[in-house]
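With the numbering used here as the guide, the letters of the sequence shown map in order to residues 1 to 956. We treat Cβ as the ideally placed atom computed from N, Cα and C, and that holds for glycine. I have placed the structure first, in the form of structure tokens, so that the comments after it can refer back to it.
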Amino acid sequence: MIKSGIKNTIAFWISVMLIIAIFSCFESYSAGNTRQEEKVVRVGYFQDYATILEPANEGSMGYGYDYLQEIAKYTGWNYQFIKCSWDEGITLLREGKIDIFGPMQKTEEREIFFDFPNVQMGMEYGVLFADKNSGILYEDLDYFNGMRVGTEKENYYTGVMEEYCKEKGIRVTYVYTDAVDIGKELKAGLYDTYITGDLQAIPDTTVVARLSFEPYYYATTKGNREIVEGINNALKNIFRNDKYFEQKLYEKYFSNRDISKPGITKSEAELIKKYKKLTVGCDSNSRPLQYFDETTGQTSGISMDILKEVANLCGLEFEFIPMDGKSARQLEKADLWVGSFNHNGLKNLEYTDTYLNVPMLLVSDKLVNLSDKLTIAMYSYDGKNGAQLLKEYPQFSVDKYATADEAFQSFKMKKADAMFVPAYTYDELEQVNNQELYCVYATDIKCRMNIGISERFPKEMINILNKGIASLDNDVINTIIYKNTSAGAYNGSISMLVKDNAWLVLGLVTVFFVLLLIVIEASNKRLKSVLYIDSSTGKSSLAKFRMDARALLNNAKPDEYMLVSIDVNNFKYINDIYGYETGNQVLKILAEHIEMILPGEIILTTRRSADNFVFISKTCNKDKIFESMSDDQHLRRDVQEILGPDYNLTLSIGVYVIHQPMKNISVMLDYANIAKKTVKGRVGNPIAEYTPEMDQHMELKKKITVGMEAGLLHGEFITCMQPKYSLADEKLIGAEVLVRWKHPELGMLSPLLFIPLFEENGFIEKLDMYIFETTCKMIQKWNKATIDKIPRISVNISRVTLGRKNLVKELKEITEKYEIQTNDMEIEITEGTLERNADRIIKIINDLKSVGFYVSIDDFGSGYSSLSILKDMPADIIKIDKEFLSETFDSQKGKKIINSIIKMSKELKLETVAEGIETREQAEALKAMNCDVAQGYYFARPMHPEEFESMILRSN
């Protein structure tokens, strides 16, 4: 029995071991199959050119390596890295022996052999490297002319160097190398400089020229769609999740390299040598930004430390002189200035770019309603900040003080309800007066700190300082701020304090904690009230919303929730007409109605600013919520009880479905706001859901806004002429000046893309005046060419420009400057202009006519008020809108309407122009209706002024 039991036990364990062995074999087999199924991608890399760096004992790392690993998160690829020279990599990729190689630029020649992703992976500079001890100065063209440039056979930047040489009028000799050790070859003098992209790391070198700024890609063998589509999909997701991914990666690996330091030209180096040491006038009592430290006898502060970095980067020395900003003679001692007197006490200064943006805060010792009429004690470096504050809060009254201390004392004496101060100055005041509990209100206003430069210095000095400012490292700036603010100011003295006063410190700490426990409970409610409650609505503050939203979304699934942003349309007018108290009542009603849209389903709600509310709810309730918000009769009725039965409240609503719950809350809010902006002013559905395309549209708007001033300066706005013809005999009788923008990055832009934006930001005034003057120059040129009869030329003037003070006088002066008769020109204003302040527009038209200009009403038929005010409008011409024409011309009823407009115009002695004529039939029909003038593709497309000049000569 015992033996039998032993046998059974042995048999059992043998069976168990066999089963384990079988499963182990199966798992090994499965794992082997899995490994076979995993995609292994072969990556060729050129040592030290972005992709792979191999420091001893640290494994693989680098900019490109991290980039490829991020791509692998979306593709599931494993990489096999193959080291090669540039020429070898190109050959291996062409033959399909590797799958990916780069970074490289996309060219027509390379696209014959390689496929590239749809989206660029980043941008790199084309640069010239030189040995750091070579003594070659930045863009020293005298030295460059005739120098030897190292390169490789397939180097894209060789072509860029050729273009640079043509532009600068120099010649170079190329030395071809296999680029095994460029730094060593430069030191040995095999060539003077080496041309490549700035993603390449070359030890012991310096950059002596930046030639271009180029997009780059990783390429694959022609026809390898799996790799291309994998990269395309990965990049789409990478940039959707973090549009700054590449920028952050670049800063991680390249921000401290010599490429980021300013390039100083030969002439700039000579100027630095001449003005090596400069005196800098600065505020003496603006801690911690800049102040005189009595313990050290030196000027200190955030500004001083940043400017020392700028000086170091530029090769300059700064001597700081404390000033009170009141004595002009004292101010004149300095070469450069920073501080409040930078804007107030001196004239004829030139200014550098901004070296630091400091957020401005409103600080009070009690809860205040920012919609109320408050008195603000203000201290600011930038004199413009007061105007910005009043623009954002026109109900405020502002008392300005010379120093932060004076503003603070006024506030403490109850002469002001709140202070308006730079954030770092507030931190200092809070430390000094730490027994007080302050309510802090953030604003969108920034104090932009820059350097004022005396006019006695050459303009190049600004360029030198701007190069230093542009090269400042953000980490260095953050360290400086930390060191100078209270958080870091006393670190050095803590150990000494404890050592010298150990028992006293122990007693104080004990007392402190006892008191803290007593005070915490009493102050907690007040703190929560300040931080967590919106005083205008009584609901959660934005800070509380952010905190609760993060807690909610930490455990959320993708697309489970949505964030909604709501604006009250024209809320400013409610405040202006009915007062701020009534405006606050409307806000409270809206806050209550948001929570009642779908009871229990609106999870978090807050007011972000003014009339902007946001809330989070479940995405599954999206349709019900949208339906309720689109037509909330209860809300309208409650608002009408306050504002009157004729007031119709409308909203603009943007929605972001939270695809990635871990995304930053601020980014989610931005996405919802981007969607909301697309429905501002829309008639009908007031709701839009965010899509990545909207972000692209906003990026386009940013590029247009950023580039508009430079575009005007560099002549990128060009004019075209569209001829006008008499319908009676089809003879040329005039032309309209049209504008196009030849943008250096975006290409030729239609005015539909930029004119509405320019009307919003006011830049349209500059553009209108520029186009008018350009047109006058053109007419003067034709006059000097003795063209017998120049037809009347019409120029568009925006509704914004019509509000310009002394507009008619300026236009008249420009025509006199170019010896142009005003009756040779026609001013076109759009019909939409007439909807606002018709009496004022009538006066402007009369003024234009009084000095001889013809005036036409453009886009007639597109507005609501045409017929009602046309009888009072002293214009000479009406232009029938082409959209109105195309929409109505195909029906008998439409033709009757057009015929009536033309007939009425004749009775009012107005000339009629039909725009957008595209067919012979349209032209004949309009001629039969006695329309005077036609303009459109049937007769002539818009053309260059030179072509129009030839047309005038032929017609004469």
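For residue i, which option in the options has the closest C-alpha, if you only look at C-alpha atoms?
{"i": "Asn806", "options": "Ile844, Glu828, Pro458, Lys187", "result": "Ile844"}
{"i": "Ile445", "options": "Glu392, Thr296, His634, Glu699", "result": "Glu392"}
{"i": "Gly452", "options": "Asn466, Ala442, Ala838", "result": "Asn466"}
{"i": "Ile195", "options": "Gly230, Ala188, Gly159, Glu226", "result": "Gly159"}
{"i": "Val657", "options": "Tyr63, Ser628, Pro645, Pro692", "result": "Pro692"}
{"i": "Asn956", "options": "Glu828, Lys766, Gln892, Ile787", "result": "Ile787"}
{"i": "Glu949", "options": "Asn133, Phe408, Ile793", "result": "Ile793"}
{"i": "Leu374", "options": "Asn385, Gln395, Gly386, Leu367", "result": "Gln395"}
Where residue i and residue j are concerned, what is the direct C-alpha to C-alpha distance, given to the nearest angstrom?
{"i": "Pro942", "j": "Lys724", "result": "11 Å"}
{"i": "Glu799", "j": "Leu712", "result": "The amino acid at residue 799 is misidentified as Glu; the sequence shows Arg. Between Arg799 and Leu712, the C-alpha separation is close to 20 Å."}
{"i": "Tyr818", "j": "Pro422", "result": "49 Å"}
{"i": "Ser630", "j": "Ile687", "result": "8 Å"}
{"i": "Leu738", "j": "Glu921", "result": "26 Å"}
{"i": "Ala934", "j": "Glu915", "result": "6 Å"}
{"i": "Pro661", "j": "Cys620", "result": "16 Å"}
{"i": "Gly122", "j": "Tyr65", "result": "14 Å"}
{"i": "Tyr938", "j": "Ile902", "result": "20 Å"}
{"i": "Glu946", "j": "Glu268", "result": "42 Å"}
{"i": "Leu141", "j": "Cys165", "result": "10 Å"}
{"i": "Asn463", "j": "Tyr275", "result": "14 Å"}
{"i": "Tyr291", "j": "Gly146", "result": "52 Å"}
{"i": "Phe772", "j": "Asn796", "result": "8 Å"}
{"i": "Gly654", "j": "Ala672", "result": "5 Å"}
{"i": "Arg954", "j": "His714", "result": "33 Å"}
{"i": "His944", "j": "Cys720", "result": "5 Å"}
{"i": "Tyr157", "j": "Gly197", "result": "7 Å"}
Suppose the cutoff is 8 Å on Cβ atoms and the five residues either side in sequence are ignored; what does the same chain contact list for residue i look like?
{"i": "Glu139", "result": "Val208, Ala209, Gly263, Thr265, Lys266"}
{"i": "Tyr424", "result": "Pro288, Leu289, Ile302, Val358, Ile481, Asn484, Thr485"}
{"i": "Lys680", "result": "Asp567, Asn569, Ser652"}
{"i": "Asp115", "result": "Ala219, Thr220, Thr221, Lys222, Gly223, Asn224, Arg225, Ile227, Val228"}
{"i": "Lys236", "result": "Val119"}
Enumerate in chain order the residues of its own chain whose CB-to-CB distance from residue i is below 6 Å, with the five nearest sequence positions on each side excluded.
{"i": "Thr177", "result": "Gly150"}
{"i": "Leu910", "result": "Ile878"}
{"i": "Leu94", "result": "Leu is not the amino acid found at residue 94; the sequence shown has Arg there. Contacts found: Phe113."}
{"i": "Asp293", "result": "Ser300"}
Which residues in the same chain as residue i place their Cβ atom closer than 7 Å to its Cβ, once the five residues preceding and following it in sequence are excluded?
{"i": "His659", "result": "Pro558, Asp559"}
{"i": "Met694", "result": "Ile674, Ala675, Thr678"}
{"i": "Arg42", "result": "Gln80, Ile82, Ile98, Asp99"}
{"i": "Leu316", "result": "Ile272, Lys276, Leu278"}
{"i": "Phe626", "result": "Ile687"}
{"i": "Tyr49", "result": "Leu199, Gln200"}
Go ahead and pull the three-state DSSP assignment for residue i.
{"i": "Ala407", "result": "helix"}
{"i": "Trp77", "result": "coil"}
{"i": "Leu953", "result": "helix"}
{"i": "Glu982", "result": "Only positions 1 to 956 of the chain appear in the structure, and residue 982 is not among them; the question remains open."}
{"i": "Asp115", "result": "strand"}
{"i": "Glu124", "result": "strand"}
{"i": "Cys439", "result": "strand"}
{"i": "Ser244", "result": "For the record, residue 244 in the displayed sequence is Tyr; it is not Ser. Three-state DSSP puts Tyr244 in coil, outside helix and strand."}
{"i": "Ser212", "result": "strand"}
{"i": "Leu137", "result": "coil"}
{"i": "Ile857", "result": "strand"}
{"i": "Tyr580", "result": "helix"}
{"i": "Val368", "result": "coil"}
{"i": "Gly747", "result": "strand"}
{"i": "Asn285", "result": "strand"}
{"i": "Ser652", "result": "strand"}
{"i": "Gln696", "result": "helix"}
{"i": "Arg546", "result": "helix"}
{"i": "Thr295", "result": "coil"}
{"i": "Glu460", "result": "helix"}
{"i": "Leu604", "result": "strand"}
{"i": "Ala377", "result": "strand"}
Closer than 7 Å to a non-hydrogen atom of the ligand PLP - does that hold for the CB of residue i?
{"i": "Val43", "result": "As far as ligands go, the structure on display features none, and thus does not contain the ligand PLP."}
Item to check | Segments of 3+ residues assigned as beta strand (DSSP E) that fall wholly inside the stretch 865-948 | outcome: 877-880, 911-915, 933-935
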